Amino acid sequence: MYPVSDRFLTRLAESHRVVWDIKLLRTDGQVVAIEHMGGSVSVDRSRPVHRTCTVTTTDISLIPRTPAEQVAAYGATLRIARGVEYGDGTTELAPLGVFRLEDVSGDPVHGPVTLTGSSLEAAVADDKFTGPFQASGTVVSAISETIRRSIPTADIASTIVDVPIGWRIWDTEADPWAGVQEIAAVAGAEVYANPDGGFVISQLADPLTTTPVWSVEAGEGGVYISGVRGMSSKGVYNGVLARGESTGADVAPCFYLATDSDPGSPTYWGGPFGRRPRFYSSSTLLDASACMAAAEMLLRSAKAPNAIGDFSSLPNPALETGDVIRVVHPDGTKELHQVAAFAVPLDVSGSFPISTISAKEDS
């Protein structure tokens with residue numbers, strides 16, 4: 007979760023005035039504060055581009071008409087934040103993202119005008135390789151080189167133990183962002199653009215060993231509105247076989263099979279769920295330890311969707327995908343959930359739907 011004060015989290019459950027900060031940063035240096043009338047920010051860890059936004063406003067001057075205005079709009083970014091006002095008049099904001107402006111459209115006379123944007127993974131993904139591209143070295147250095155090929159000033163933060171990778175050459179037209187994720191898998195990690203517009207290299211938290219960052223509780227003083235709990239076997243795997251496919255003469259073939267080895271798990275390998283493996287291979291995997299890291303990371307995602315939850319609560323703009331939250335249902339049942347997706351409304355009446363994975367009972 008984005009760092010906010012305890013006072014902020016407490017205020018979310020209280021009656022308060024919502025505050026916003028939405029700015030359009032044009033390529034000509036002009037910064038436009040947007041008075042908006044609606045919209046939302048959607049966040050989903052299953053999408054290559056984690057964050058997208060829609061902002062609706064009455065300001066028809068935002069529609070580019072002249073060639074100069076069109077040039078200033080291409081490459082422009084939206085910065086969006088939502089927060090609370092305290093009773094003493096002070097405010098606290100949490101960023102919802104930095105977005106590349108994708109579309110501006112609306113009635114040029116009467117409005118409204120709608121702006122849409124994508125978080126900065128899109129800038130890397132769209133900058134397809136125009137010739138063969140080789141990655142080598144370590145996970146962090148190779149990821150940094152690939153991202154900064156498209157965004158030279160990108161801020162990249164890593165929380166992983168860096169490890170070497172095998173040589174990997176991508177062909178012309180290949181997707182650099184898919185390459186970034188392939189490199190990250192060597193360390194059992196994933197990469198995404200954070201709400202500040204930087205990039206993060208990290209491993210997905212384990213719900214069983216991670217302290218919940220937020221409680222979604224029913225009843226007085228809570229933020230819980232409604233919830234649905236379920237399970238599904240669609241797209242669920244309980245084993246991942248990762249294989250290294252380096253073409254180097256001095257690199258031996260390597261592999262690792264990660265399985266759900268918990269006899270108490272509904273997706274236990276060889277239990278009633280059966281054996282449902284998926285397969286992954288990459289020349290970036292140099293040895294068995296790299297194969298193990300990749301296989302175990304992919305297994306966490308592959309088996310997680312079997313237990314799902316969909317909840318609606320009062321909005322928390324500081325939430326991030328991968329966060330572990332505690333949900334307390336109206337009957338007092340407590341569960342730990344890992345956040346998979348959510349949508350933050352850009353108005354005071356919108357709902358805050360949260361989709362989760364890896365639901366576990368909590369004592």
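Just so we're on the same page, the working numbering is the position in the sequence shown counted from 1, plus 6.
A virtual CB, placed ideally from N, CA and C, is assigned to each residue, including glycine.
The structure presented is a predicted model; accordingly, all values stated were derived computationally and were not measured.
Every beta strand (DSSP E) of 3 residues or more that sits fully in the segment 36 to 115 is shown, in chain order, as 37 to 39, 42 to 50, 57 to 63, 83 to 91, 97 to 112. For the segment 140 to 172, the continuous beta strand (DSSP E) assignments of 3+ residues that do not extend past its boundaries occur at 162 to 164, in sequence order.
Assigned with DSSP and collapsed to three states, Arg13 falls in helix. Within the model, the alpha-carbon separation for Leu292 versus Ser142 is close to 11 Å. Within the same chain, Cβ atoms closer than 6 Å to the Cβ of Ala78 are found at Arg32, Thr33, Asp34, the five residues on either side in sequence being excluded. Under the 10 Å beta carbon count, Gly45 is surrounded by 16 or more other beta carbons and is classified as buried. Its chain contains Val242, Tyr243, Asn244, Asp266, Thr273 as the residues whose beta carbon lies nearer than 7 Å to that of Lys309, once the 5 sequence neighbours on both sides are disregarded; these appear in chain order. The beta-bridge partner set that DSSP reports for Pro323 is empty.
Pro201 places its beta carbon less than 8 Å from that of Pro101. DSSP places Ala19 outside both helix and strand once states are collapsed to three, so it counts as coil.
Cα atoms of Pro336 and Ser21: separation of roughly 21 Å, rounded to the nearest angstrom. The closest CA to that of Pro138, considering only Thr178, Ile149, Leu15, is found on Thr178.
Exposed is the label assigned to Tyr80, since fewer than 16 other Cβ atoms lie within 10 Å of its Cβ. Look at the beta carbons and you see the segment 86 to 104 not touching the segment 227 to 240: under three pairs across the two are nearer than 8 Å.
Assignment of alpha helix (DSSP H) within the segment 165 to 215, counting only whole runs of 4 or more residues, yields 182 to 191 in chain order.
With a beta-carbon spacing of about 5 Å, Val119 and Leu68 fall inside the 8 Å limit used to define contacts. Shown here, Asp132 sits in a helix according to DSSP, grouped into three states. In the DSSP assignment, Asp316 is bridged to Val234, Ser361. Here Gly117 is near Thr64, since their CB atoms are less than 8 Å apart. Residue pairing for Arg249: DSSP places it in a beta bridge opposite Phe261, Ser287. Bounds of any alpha helix (DSSP H) do not take in Glu226, whose DSSP letter is neither H nor E. Under the DSSP assignment, Ser124 falls in the beta strand (DSSP E) whose first and last residues are 119 to 125. Val219 places its beta carbon less than 8 Å from that of Asp329.
DSSP, reduced to helix, strand and coil, places Arg281 outside both helices and strands of the structure shown, so it counts as coil. For Leu292, the secondary structure class from DSSP, reduced to helix, strand or coil, is coil. Taking a contact as a CB-CB distance under 8 Å, the pair Ile157 and Ala129 counts as one, their CB atoms being some 6 Å apart. Residue pairing by DSSP places Pro351 opposite Ser46 in a beta bridge. In the DSSP assignment, Val330 falls within the beta strand (DSSP E) that extends over 330 to 334. In the three-state reduction of the DSSP assignment, Lys340 falls in the strand class, which pools E and B.
The C-alpha of Trp183 is placed about 11 Å away from the C-alpha of Arg155. Excluding the 5 residues flanking it on each side, Ser289 has same chain C-beta neighbours closer than 6 Å at Gly172, Arg174, Glu251, Ser252, in chain order. Here Leu121 really is in contact with Leu107; their C-beta atoms are around 6 Å apart, less than 8 Å. The secondary-structure analysis by DSSP pairs Val219 with nothing; it has no beta-bridge partner. In this structure, DSSP gives Lys240 a state outside helix and strand, which the three-state scheme calls coil.
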